[in-house]
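Asks: What follows is a single structure, and I will ask about it in a moment.
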Amino acid sequence: MFRKSFVLISLIGIIVVAGCVKETYDLTKLSKQAHLSPTLAISAAYGDISLKDILKANDTVVFGSDNFIKLVFKKDSVVNFKLSDYFDLNNMVSYTKTFPIGDLALVPFLGTISFPLGQISSHFTPALKAQFIALDDGGTHPFPSFPAVNMGETPYSAFTNFEYATFSQGSIDVFVKNNLTAPLTGVTVTLYNTAGHTQIGSPVTISAIAAGSTGMSSINLAGLTVKNAITAAVTINGSPGNSTPVIISLSGSNVQVDISGRDMKVLSGKVIIPSQALTSFTESDTIPFDPGTGIEVSYIKMRSGNLSYSLNSGTPLKASVSITLPSTLRSGTPISESLTVNPNATASGNISVSNSTIDLGKKISHPYNLLPIVSSINVSSQNSLVIFNSTDNMKLTLSFLNPNFEYVKGYFGQQTETIAKDTLDLSIKDIMNHITGSFLVSNPSININYTNSFAIPVQITLNAAGYKKSDVVQLGLAPVMLSYPAAPADTVKTDVFSVNKTNSQLPQLISMPPERIIFSGTALMNPAGNTGSRDNYLFSSSHFLGNLEVVVPLEFRMNNLQFADTVKNFMKDNSTGSSPIKPEDFEFLRVDITADNGFPLGVSLKLVLYDSASHAHKSTIDATDVLKPAPVDANGKVTAPFSTATSITISREFWNSINTADKIIFVFSMNTTDSGSKDVKIYSDYKINFKAALVLKPDIKFSLK
């Protein structure tokens, strides 16, 4: 009430001053009741205001070179993915292979015994023995026949390359050389291990051995255990004699029985193992790489790194190992390494693969995740007797820890990152209940400026919908493929992913405006699936960094956009005292406004006195077209200011109704040029030139004494 009284007192003061100008009135001619009702016009305000005066450029409010205004909202690093967020390529190799030593070759052994004719004849009958003694005179005589003779058991000299051995294969060849001057009907030989007198295989019989000739038969050693002391039980199966005179010498002729071990492989025993390659170990093999489910690595270019190995020996043999990686090249040469491991010990170390290229696609039937390796292992007992068993084993372990690679080539699967469905409540439902009409932000955009060094195609699907009461606006954005570098020459790609009016319904969604937005989405790697080309690339420094930029150019249209709000009647006189100024003292009060509006935006205003008890509008001030919008060209830019003359009248009826209303309803209406039928743009050099004058007509009654 103070503000209203102040205005009225001010107006009366102006009137009193004006009444003092003329001093020639004859007051005696006036009646005792006077009524004064002049109309006064007072210049209230004027100005020339441009948008630059009230809006300053900054990081958010951007003035273009042509003064066009954009609102720009930025946030750095809204998306920041590193290689480790998707892939762990540090432990791709975990290779362990345990293999038995297997049966090993043994150096051949040779044993010789001989039976002189004199020893043989000692088993003859006395008469036959005497006959052979008589014929040993240095001359030639027919050689008498003799019957089978059991020579008993004769040991060979002990063999030095083993003490005992069980064989998986091999033979003992029995050679019988007939050094007599007459043929032999045959010879039967049975071999025994001297200790324990266990028979070695089956007896062998060599028949019809001519004079001066050698006969041979073999014993299969597979599954047999042989000791280094062997005894031969020999039976000479007789001789038909020789009718041709020959020299008969009891000491100078004999039957020689030799044994020779050949092609022997030992399953177990106490033996001397000569240096030899393990046949139980496959020379050409592949080391499997495991980069993750569905990932196929075909090629790696290394900066630095090691293939770590551990060779555990569970045998009394010393081993030397040669490892070659035929498809791991450094300067065009395959990488190789040699190492040794002592008996029942472990050797470990690293094979450097720094500055190399690793081809994991050499196997045609499986051209990925396999590293060819060629290995050979030689073992020996170093000329010492060792207790050996073919089930002894060695274990080779390989790992590829923390490689520092330049890039990895392959197929990295169809991994999907999901943007979980969520609802963004904008909390504007109450505000929207007060707004009617249409509003369209014409050209907003949401930009993700990004750098991408994942050389992998990724498809982004973003689903969003705005909801306002029963109205729904879908974003309508088609799946978008992100740019990625053309590896290996191009390692980083910089681009922008933009959601705007050309590829979505973003303007319509924002301009609802929505009370809530429901969104979800996916990021699908390799949307075309596995084509077999394996042309994805990952770099050790691969990352995806995205910065968010929301750009809202001040380009829009409005059609009778109304905002209504109800407030408490702040004009109501709640004072208990008497005021010297009363609303009925004024016939009307009016504000006349003239303006040259350089904005393509028109404004109207209504003030409604409202009685909430009776739901009645008591009185209204209607200021239609306070400002009318300026015309624009085809691009939405103002061509010239538009002149407007408007009057806002506060009538006596309005004054009289103030105390009958407990609420005031403010209704603002806005339109852009041509009733919101075209887009308009806002430039920082737009301005308004205006003048406002207060026009009032008091109706003052007073008494003259």
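The sequence shown lines up with residues 93 to 797 when you count with the numbering used here. Just so you know, even glycine gets a beta-carbon here, dropped at the ideal spot from N, CA and C.
1. What residues in its chain sit with their C-beta under 7 Å from that of F238, if we drop five residues either side in the sequence?
2. Could you tell me the distance, in whole angstroms, from the CA atom of V564 to the CA atom of V164?
3. Relative to the C-alpha of G194, which residue among N535, I552 and F480 is closest?
4. Going by DSSP in three states, T371 sits in which element: helix, strand or coil?
5. In whole angstroms, what is the alpha-carbon distance linking S169 and F589?
6. Please look up how many angstroms separate the CB atoms of L421 and S448, rounded, as I've assumed it's under 8 Å.
7. Identify, in the order they occur along the chain, each residue of the same chain with its Cβ nearer than 8 Å to the Cβ of F799, setting aside the five sequence neighbours on each side.
8. Buried or exposed for G156, going by 16 or more other Cβ atoms inside 10 Å?
9. So what's K167 in DSSP terms, helix, strand or just coil?
10. Tell me where the alpha helix (DSSP H) around L227 begins and ends.
11. Relative to the C-alpha of S596, which candidate in M604, D145, E498 and L567 has its C-alpha closest?
12. Taking buried to mean at least 16 other C-beta atoms within 10 Å of its own C-beta, is M650 buried or exposed?
13. Tell me the DSSP secondary structure of P619 in three-state form.
14. Span of the alpha helix (DSSP H) holding I212?
15. Whole angstroms is fine: what's the gap from F648's alpha carbon to V772's?
16. Measure the C-alpha to C-alpha separation of A578 and N618 and round it to an integer number of angstroms.
17. Report yes or no: do three or more beta-carbon pairs, one from the segment 428-439 and one from the segment 341-350, lie closer than 8 Å?
18. Would you call the CB atoms of T280 and T297 closer than 8 Å?
19. Does I193 come out as helix, strand or coil in the three-state DSSP assignment?
20. Apply the 10 Å Cβ neighbour rule to F662 and answer buried if 16 or more other Cβ atoms are within range, or exposed otherwise.
21. Name the one or two DSSP bridge partners that L272 has.
22. Quick one: grab the DSSP three-state call for A324.
23. Where does A287 sit, in a helix, a strand or coil, going by DSSP?
24. In its own chain, which residues sit with a C-beta less than 8 Å from the C-beta of S769, not counting the 5 before and 5 after it?
25. Determine the burial state of I212: buried for a count of at least 16 other Cβ atoms within 10 Å of its Cβ, exposed for fewer.
26. Just curious, the alpha helix (DSSP H) that Q507 is in, first and last residue?
27. Taking P606 as the reference, which of Y256, N748 and T515 has the closest Cα?
28. Counting C-beta neighbours from all protein chains within 10 Å, is the total for G424 16 or more, i.e. buried, or is it exposed?
29. Just to confirm before moving on: does the CB-CB distance between S473 and P408 stay below 8 Å?
30. Classify L601 as buried or exposed, calling it buried when 16 or more other Cβ atoms lie within 10 Å of its own Cβ.
31. Where S263 and S206 are concerned, what is the direct C-alpha to C-alpha distance, given to the nearest angstrom?
32. When the Cα atoms are used, what is the spatial distance from P435 to V478?
33. Can you give the Cα-Cα distance for P218 and L227, rounded to whole angstroms?
34. Run through DSSP, which three-state label would G568 get?
35. Quick one: any contact between the segment 610-627 and the segment 745-761, if contact means 3 or more CB pairs under 8 Å?
36. Under a three-way DSSP split, which group does N751 fall into?
Replies: With the given structure in hand:
1. Residue numbering aside, residue 238 sits at position 146 when the sequence shown is read from its first letter. F216, L220, G330 and S331.
2. Counting from one through the sequence shown, the residue named residue 564 turns up at place 472. Counting from one through the sequence shown, the residue named residue 164 turns up at place 72. Those two C-alpha atoms are separated by around 26 Å.
3. The count along the sequence shown starts at 1 and reaches residue 194 at position 102. Cα-wise, what sits closest to G194 is F480.
4. Against the sequence shown, residue 371 aligns to sequence position 279. In the structure shown, T371 sits in coil (DSSP, three-state: anything other than H, G, I, E or B).
5. The residue you call residue 169 lines up with position 77 of the sequence shown. The residue you call residue 589 lines up with position 497 of the sequence shown. Going by the C-alpha atoms only, they are around 14 Å apart.
6. Here residue 421 refers to the residue found at position 329 of the sequence shown. Here residue 448 refers to the residue found at position 356 of the sequence shown. Contact flag correct, Cβ pair sits at about 6 Å.
7. Given a span of 93 to 797 for the chain in the structure shown, any question on residue 799 remains unanswerable.
8. In the sequence shown, residue 156 corresponds to position 64, counting from 1. Label assigned to G156: exposed.
9. For the purposes of this step, residue 167 is taken as residue 75 along the sequence shown, with counting starting at 1. Of the three classes helix, strand and coil, the one that applies to K167 here is strand, per DSSP.
10. As a first step, residue 227 is located in the sequence shown; it is residue number 135 there, counting from the start. Start and end: P218 to L227.
11. The sequence position of residue 596 within the sequence shown is 504, counting from 1. The residue with the shortest Cα to Cα distance from S596 is L567.
12. The residue labelled residue 650 in the question sits at position 558 within the sequence shown. Its Cβ being crowded by 16 or more others within 10 Å, M650 is buried.
13. Taking the sequence shown and counting its residues from 1, one reaches residue 619 at position 527. It is coil, neither helix nor strand.
14. On the sequence shown, residue 212 is found 120 positions in, with the first residue counted as 1. Per DSSP, I212 belongs to the alpha helix (DSSP H) from L209 to S213.
15. On the sequence shown, residue 648 is found 556 positions in, with the first residue counted as 1. On the sequence shown, residue 772 is found 680 positions in, with the first residue counted as 1. Answer to the nearest angstrom: the Cα atoms are 6 Å apart.
16. Start at 1 with the first residue of the sequence shown, and residue 578 comes out as number 486. Start at 1 with the first residue of the sequence shown, and residue 618 comes out as number 526. If I take the Cα positions, the gap works out to 15 Å.
17. no
18. Against the sequence shown, residue 280 aligns to sequence position 188. Against the sequence shown, residue 297 aligns to sequence position 205. Yes; because the gap between Cβ atoms is below 8 Å, this pair is in contact.
19. The residue you call residue 193 lines up with position 101 of the sequence shown. The answer is coil: DSSP assigns I193 none of H, G, I, E or B.
20. For the purposes of this step, residue 662 is identified with residue 570 of the sequence shown, where counting begins at 1. Its Cβ having fewer than 16 others within 10 Å, F662 is exposed.
21. Position 180 of the sequence shown holds residue 272. Partner(s): none; L272 has no beta bridge.
22. Within the sequence shown, numbered from 1, the residue matching residue 324 stands at position 232. DSSP places A324 in strand when its eight states are reduced to three.
23. Working through the sequence shown from its first residue, we reach residue 287 at position 195. Of the three classes helix, strand and coil, the one that applies to A287 here is helix, per DSSP.
24. By 1-based counting over the sequence shown, the position of residue 769 is 677. If we look at S769 and ignore the five residues flanking it on each side, its Cβ neighbours are R649 and N651.
25. On the sequence shown, position 120 is the one that residue 212 refers to. It counts as buried.
26. Position 415 of the sequence shown holds residue 507. Looking at the DSSP string, Q507 is not in any alpha helix (DSSP H), and its letter there is neither H nor E.
27. Here residue 606 refers to the residue found at position 514 when the sequence shown is read from its first residue. Comparing Cα positions, the closest option is T515.
28. Residue numbering aside, residue 424 sits at position 332 when the sequence shown is read from its first letter. It is exposed - the Cβ of G424 has fewer than 16 other Cβ atoms within 10 Å.
29. Stepping through the sequence shown from its first residue, residue 473 is reached at position 381. Stepping through the sequence shown from its first residue, residue 408 is reached at position 316. Going by C-beta atoms, S473 is nearer than 8 Å to P408.
30. One-based indexing of the sequence shown puts residue 601 at position 509. Its Cβ being crowded by 16 or more others within 10 Å, L601 is buried.
31. On the sequence shown, residue 263 is found 171 positions in, with the first residue counted as 1. On the sequence shown, residue 206 is found 114 positions in, with the first residue counted as 1. Going by the C-alpha atoms only, they are around 21 Å apart.
32. By one-based count along the sequence shown, residue 435 stands at place 343. By one-based count along the sequence shown, residue 478 stands at place 386. Approximately 10 Å, taken between the alpha carbons.
33. For the purposes of this step, residue 218 is identified with residue 126 of the sequence shown, where counting begins at 1. For the purposes of this step, residue 227 is identified with residue 135 of the sequence shown, where counting begins at 1. Straight-line Cα distance between these residues: approximately 14 Å.
34. Residue numbering aside, residue 568 sits at position 476 when the sequence shown is read from its first letter. Looking at G568 - three-state DSSP - the assignment turns out to be coil, as it is neither helix nor strand.
35. no
36. Residue numbering aside, residue 751 sits at position 659 when the sequence shown is read from its first letter. In the structure shown, N751 sits in a helix (DSSP, three-state: H, G or I).
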